[in-house]
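What follows is a short report on a single structure.
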Amino acid sequence: MNENKEKVYILSLGSALDPFVDHFCNEYKMLLKEIGYEVEHIFYQNIDSVNKATFVGKGKLEAIHDYYMDNKENGVKKLACAFEITAVQKKNMEDITGLTVFDRTQVILDIFDNNAKTREAKLQVEIAKLYYSKAHLINESASYSQVTSGGGAHNKGEGEKEIELKRRRIANAIVQKNKELEEIKFSRSNSRNARRDSILPKISIVGYTNAGKSTLMNKLLEASKAQEKKNVLQKDALFATLETSTRLISIHDFPEFILTDTVGFISDLPHYLIDAFRSTLEEITEADLLIQVVDSHSPFLNDEVRTTNEVLMSLGADTKKMIYLYNKYDLLDKGGFTTLPKKNERYVSLQNDEDLETVVSFICEAISVDWKKANLLLPYSIDINGFKKENYCLRVEAKENGHEVTAKLNPKIEYKYKDYLL
Ligand SMILES: Nc1nc2c(ncn2[C@@H]2O[C@H](COP(=O)(O)OP(=O)(O)OP(=O)(O)O)[C@@H](O)[C@H]2O)c(=O)[nH]1
Ligand SMILES: [Mg+2]
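When we follow numbering that gives the first Met the number 0, the leftmost residue of the sequence shown carries the number 0, and every step to the right adds one.
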């Protein structure tokens, strides 16, 4: 995180008295903090319709200009819009307020830029930024009056040609970067193909940013007896995770599974990012089960769940089997939620190691919910530990001629055991 704190103003839509607007602004403050800004003051404006030239009304922008002039001693020189604006709106807003204006999408792109560590994540951020600049190309000759009057005929020819040229250059750059991304993706998917072909269930962790997804991955890794135990970055920050990490999880006698930690979501996630991160997010569409981690301490948890489900829908992953972990339960006031968790929900604290057993068995129950339950007598020539890794073993008893077991059988390898059914 950038330690150099520069002060900014926020311009938000709606009213300060609306709790949702208040929450949205608090979240925006946190996003701004990630890239080194401290918020000095928030301006609110209710609008019925978007002004094509200035987004909010010109009068509001003039009032902001006056406030800026009257409070110059506080050193603020920038205005952060809590919504996305066009290049023309930005230019006009800057002309009227005298402040440098930027929007929420730009902020999120900057955070992604700072947090991208791998070549793949960096390329995806570069592509998202290119999409953004392509959509925000400005005809330098366009003026406030041109936009308000629907665009003038003069200057259009030259300006339009120049924009077209820039647009084509950016489109070419996107093609180039996508090609590079494809190559990386190819080598990544090759290493993943072995996994995809493997019979183990594939699980993706999804959820709002900062809910505890990477913490879940790390806790399961800690408990895992698998060789590959490299931890993932877990941090009190928005968008700490930008790259998918996939690990084999093997805990006690539970069936093994392949777990993927993914990038977090946020409300109004810029579509440039979803488009650019499609290859990373593909892991989600290929999963057998999704675990949605929810911050139960958030006053807007229902909106956060809805946002996550909307992004899943845009990825075509909304019909996947999903379970919910309402995390950070330790932060709730005494008593916690007043309703009992539903069948596909658990209230947990991933900071509390005692909850981990609940989490693991909950996950394994969900994986095996459609697996057939059977009693078998496995001869001693069959490796019982191998059997336990691939199936959900509920009971084992050593008998004279083999292990007598009750297990839910992984349908992909059920055929291997048909001769041993009791
Ligand atoms: N109090 C409390 N804090 C938790 C719990 N689980 C996770 N955290 C903290 O929440 C913060 C975010 O955790 P992460 O696991 O990095 O969250 P994430 O969902 O991966 O976030 P992004 O990758 O940024 O989307 C960290 O500081 C964790 O230590 C919990 O059960 N209780
Ligand atoms: Mg994370």
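Think of the CB as a built atom: it goes at the ideal place given N, C-alpha and C, for glycine as much as any other residue. The structure displayed is predicted, hence computed values, not measured ones.
- The C-beta distance from residue 272 to residue 219 rounds to 27 Å, too long to fall under 8 Å, and the pair is not in contact.
- One alpha carbon belongs to residue 60, the other to residue 127, and they sit about 29 Å apart.
- Our two residues, residue 14 and residue 182, have alpha carbons roughly 48 Å apart in a direct line.
- Per DSSP, reduced to three states, the secondary structure at residue 274 is helical.
- Taking the C-beta atoms as reference points, residue 414 is found no nearer than 8 Å to residue 254.
- Around the beta-carbon of residue 312, fewer than 16 other beta-carbon atoms lie within 10 Å, marking it exposed.
- Shown here, residue 203 sits in a strand according to DSSP, grouped into three states.
- Separation of residue 167 and residue 131 (C-alpha to C-alpha, rounded to the nearest whole angstrom) is 14 Å.
- The beta-carbon separation of residue 213 and residue 233, rounded to 4 Å, stays under the 8 Å limit for a contact.
- Secondary structure note for residue 109: its alpha helix (DSSP H) is the uninterrupted segment 103-114.
- Excluding residues up to 5 positions away in sequence, 12, 102 and 103 lie with their Cβ nearer than 7 Å to the Cβ of residue 82 in the same chain.
- Scanning 316, 295, 382 and 317 for the CA closest to the CA of residue 340 turns up 295.
- Cα atoms of residue 315 and residue 236: separation of roughly 27 Å, rounded to the nearest angstrom.
- In the DSSP assignment, residue 402 falls within the unbroken beta strand (DSSP E) covering 401-408.
- For residue 294, the CB stays at least 7 Å from every heavy atom of ligand 2.
- Among the bridge pairs identified by DSSP, residue 371 is matched with 408.
- Beyond the five residues adjoining it in sequence on each side, residue 402 comes within less than 6 Å, by CB distance, of 377, 383 and 395 in the same chain, given in chain order.
- Non-local C-beta neighbours of residue 326 in its own chain, meaning closer than 8 Å and more than five positions away in sequence, comprise 210, 211, 214, 215, 292, 293, 294, 295, 347, 348 and 349, ordered along the chain.
- In this structure, DSSP gives residue 229 a state outside helix and strand, which the three-state scheme calls coil.
- Nearest to residue 165 by alpha-carbon distance, out of 136, 229, 79 and 43, is 136.
- Shown here for residue 100: same chain residues with a beta carbon closer than 6 Å to its own, the five before and five after excluded, namely 78, 89, 92 and 93 in chain order.
- In terms of side-chain proximity, the C-beta atom of residue 263 is found nearer than 7 Å to a non-hydrogen atom of ligand 2.
- From the listed residues 388, 114, 375 and 389, the smallest Cα separation to residue 397 is found for 375.
- Residue pairing by DSSP places residue 260 opposite 204 and 244 in a beta bridge.
- If you draw a straight line from the Cα of residue 256 to the Cα of residue 399, it comes to about 32 Å.
- Setting aside the 5 residues that flank it on each side, residue 187 is surrounded in the same chain by 119, each with a C-beta closer than 8 Å to its C-beta; the list follows chain order.
- Contact between residue 406 and residue 241 does not hold, since the beta-carbon distance rounds to 39 Å and is not under 8 Å.
- Taking 8 Å as the cut-off, the Cβ atoms of residue 169 and residue 109 do not count as close.
- A residue is called buried once 16 or more other Cβ atoms fall within 10 Å of its Cβ, and residue 53 is buried on that count.
- Contact check for residue 37 against residue 76 fails: the beta carbons are separated by 8 Å or more.
- With respect to the C-alpha of residue 386, the residue from 368, 412 and 361 having the closest C-alpha is 412.
- Under the three-state reduction of DSSP output, residue 323 falls in the strand class.
- Closer than 7 Å to some heavy atom of ligand 2: that describes the Cβ of residue 213.
- With respect to the 8 Å criterion, residue 9 and residue 41 are classified as neighbours on the basis of their beta carbons.
- A distance below 7 Å between beta-carbons, with the five flanking residues on each side excluded, links residue 230 to the following residues of its chain, in chain order: 217 and 220.
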